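Undergrad: In UniProt numbering, the protein residues as written are 1 to 451. For every residue, glycine included, the Cβ atom is placed at its ideal position computed from N, Cα and C. Owing to the predicted nature of the structure, the values given are computational and were not obtained by experimental measurement.
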Ligand code: PLP
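#1: Given the structure, does residue 126 come close to the ligand PLP, in the sense that its CB is under 7 Å from one of the ligand's heavy atoms?
#2: Do residue 372 and residue 392 have their C-beta atoms within less than 8 Å of each other?
#3: Going by the CB atoms, is the gap between residue 229 and residue 262 shorter than 8 Å?
#4: What are the start and end residues of each continuous beta strand (DSSP E) run of 3 or more residues lying completely inside the stretch 15 to 100, in chain order?
#5: Could you check whether the Cβ of residue 207 sits closer than 7 Å to any heavy atom belonging to the ligand PLP?
#6: Please give me, in chain order, every unbroken run of the alpha helix (DSSP H) with length at least 4 that falls completely inside the stretch 165 to 249.
#7: Decide if the stretch 221 to 239 is in contact with the stretch 140 to 148; the criterion is three or more beta carbon pairs, one per stretch, under 8 Å apart.
#8: Would residue 482 pass as a contact of residue 48 if the rule is Cβ separation under 8 Å?
#9: Starting from the C-beta of residue 320, find all residues in its chain whose C-beta is less than 7 Å away, skip the five residues before and the five after it, and write them out in chain order.
#10: Pair every Cβ in the stretch 52 to 66 with every Cβ in the stretch 289 to 297, then say whether three or more of these pairs are closer than 8 Å.
#11: Cβ atoms of residue 426 and residue 24: under 8 Å apart, would you say?
#12: Please determine if the stretch 344 to 364 and the stretch 420 to 434 are in contact, where contact requires at least 3 C-beta pairs separated by less than 8 Å.
#13: So, using beta-carbon positions, are residue 285 and residue 259 closer together than 8 Å?
#14: Along the chain, which unbroken stretches of the beta strand (DSSP E) at least 3 residues long are found entirely within the stretch 290 to 332?
#15: So does residue 232 have its beta carbon nearer than 7 Å to some heavy atom of the ligand PLP?
#16: Can you check whether the CB of residue 264 is closer than 8 Å to the CB of residue 101?
#17: Report the option in 9, 163, 416, 304 whose CA atom is closest to the CA atom of residue 51.
#18: Taking the alpha carbon of residue 55 as the reference point, which residue from 303, 276, 441, 77 has its own alpha carbon closest?
#19: Over the uninterrupted alpha helix (DSSP H) stretch that includes residue 440, give me the two end residues.
#20: Please list the terminal residues of the continuous alpha helix (DSSP H) segment that includes residue 278.
#21: Leaving out five residues before and five after residue 332 in sequence, what residues of the same chain have Cβ atoms less than 6 Å from its Cβ?
Here it is, written out as structure tokens:
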């Protein structure tokens, strides 16, 4: 009998982990209490080092769209690692996975996209886009067009530029952000900020904020607008249907490039391949990451419209790229991931079956005294907890109740996330109605414990 390799125990891992600076964490507190050690995943479940099984309602971090434990993805990665584990595409070379993926992405995205650039994360992709936007306007001999407008409470990543695009104050504070040239307008958050207006009126009002900002800055100084079709990390803020058509109109009117950040919405989460499809957005750039590989390997891709690509590809060197741009293993994994999404008709399933079922079940939570609003498109949803649902009064301090509820979920064996006091749901697209029923039972329990 071969000896099993020795595995550490939970406490040993926790001790070793004291050297690890965790992202988005109070590390001093974490070192005190010790992290939960996740050791295994299969399908829609995770296991921790103590043998507890958890239902993952968050698909890792909005990303494991095809679920965990896909052997065919592991096989494709293994084969690629043996054949060509690495090569770059800088010096007049390419390789089959990056070439095949590029054609595949062009075929599956809206018609204005015939060009794609690769990175390894959503953050670096948005950074790259900012560079492309600047290069575009400089090449067009409109060098004053520099400012990029985004939204309060939008999320576009963590690099200095991506965090400047983002409208999260707590990300700006310690690092003196945003950088110059990045400004923010209000978010289309009807439940929290809509007052007595109808969603339709409010959508138009929030789009008007873009026009007002452009007029304030001068259209000759404004380069682009960026937004997530549905704000994810900001609390699953679903804009009224009047919002995006009005934004699109304003971008056209004042000659702004439009960037749709599809890092969460892309690859089926909303029951459409892209959030842009759901809202009818016709953008100049789409940022894609997460669901493109279902998180099995890091990869981001930027779809670049013909309007922009024609200018960027006009006989100059675009001096930009990463060692891992178009990494062969990541690209091979993306191709297999997209094959699975298509073959198992997972996007259609979210659209026709599990998305509507989640809506129906979430609505039942409105009977709960803590629940002010529920909202979802496909398998991207939020449950907003409030102090007084009759007048939409929020908790003080904001965020505590969401954190308490999230911790109860975790103890009960359910992984959810909270943004302020909104509980977020974003499971793998393989979830069945049975998984949604399990999720509902645990959520109801957690809400009762929180109340
Ligand atoms: N854009 C959006 C909409 C995101 O939600 C995220 C991450 O959650 C990012 C960009 C940044 O992606 P990454 O964490 O891969 O850098």
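TA: Judging by the given coordinates:
#1: Sequence index remark: in the chain shown, residue 126 carries index 126 (1-based). Distances between the C-beta of residue 126 and the heavy atoms of the ligand PLP include at least one below 7 Å.
#2: As a position in the chain shown, residue 372 is number 372, starting the count at 1. As a position in the chain shown, residue 392 is number 392, starting the count at 1. With a cutoff of 8 Å on beta-carbon distance, residue 372 and residue 392 are scored as near each other.
#3: To locate residue 262, count along the chain shown from 1; it is residue 262. To locate residue 229, count along the chain shown from 1; it is residue 229. Yes, Cβ-Cβ distance for residue 262 and residue 229 is below 8 Å.
#4: The beta strand (DSSP E) runs of length 3 or more contained entirely in the stretch 15 to 100 are, from start to end of the chain, 38 to 42, 45 to 48, 53 to 56.
#5: Along the chain shown, one-based indexing puts residue 207 at 207. Outside the cutoff, so no.
#6: As far as the stretch 165 to 249 is concerned, its whole alpha helix (DSSP H) runs of at least 4 residues are 169 to 172, 190 to 193, 199 to 217.
#7: Because the criterion of three Cβ pairs below 8 Å is met, the stretch 221 to 239 and the stretch 140 to 148 touch.
#8: Because the chain is modelled from 1 through 451, residue 482 falls outside the range shown and cannot be assessed.
#9: Residue numbering aside, residue 320 sits at position 320 when the chain shown is read from its first letter. Excluding sequence neighbours, residue 320 sits near 128, 131.
#10: Taking a cut-off of 8 Å for Cβ pairs, the stretch 52 to 66 and the stretch 289 to 297 touch, as three or more such pairs fall below it.
#11: Translated into the one-based positions of the chain shown, residue 24 becomes position 24. Translated into the one-based positions of the chain shown, residue 426 becomes position 426. Their beta carbons are not under 8 Å apart, which means residue 24 does not touch residue 426 by this criterion.
#12: Yes: at least three Cβ pairs fall under 8 Å.
#13: Here the question's residue 285 lines up with position 285 in the chain shown. Here the question's residue 259 lines up with position 259 in the chain shown. Cβ atoms of residue 285 and residue 259: closer than 8 Å.
#14: Within the stretch 290 to 332, the complete beta strand (DSSP E) runs of at least 3 residues are 300 to 305.
#15: In the chain shown, counting from the first residue as 1, residue 232 sits at position 232. Correct: residue 232 has its Cβ closer than 7 Å to the ligand PLP.
#16: For the purposes of this step, residue 101 is taken as residue 101 along the chain shown, with counting starting at 1. For the purposes of this step, residue 264 is taken as residue 264 along the chain shown, with counting starting at 1. No, Cβ-Cβ distance for residue 101 and residue 264 is not below 8 Å.
#17: Looking up residue 51 in the chain shown gives position 51. Of 9, 163, 416, 304, the residue nearest in Cα terms is 9.
#18: Looking up residue 55 in the chain shown gives position 55. Answer by Cα proximity: 441.
#19: Counting from 1 along the chain shown, the entry for residue 440 is found at position 440. DSSP places residue 440 inside the alpha helix (DSSP H), whose first and last residues are 433 to 450.
#20: Here the question's residue 278 lines up with position 278 in the chain shown. That run of the alpha helix (DSSP H) goes 275 to 279.
#21: Translated into positions along the chain shown, residue 332 becomes position 332. Exclusion of the five residues before and after residue 332 leaves 76, 80, 97 as the residues of its chain whose Cβ lies within less than 6 Å of its Cβ.
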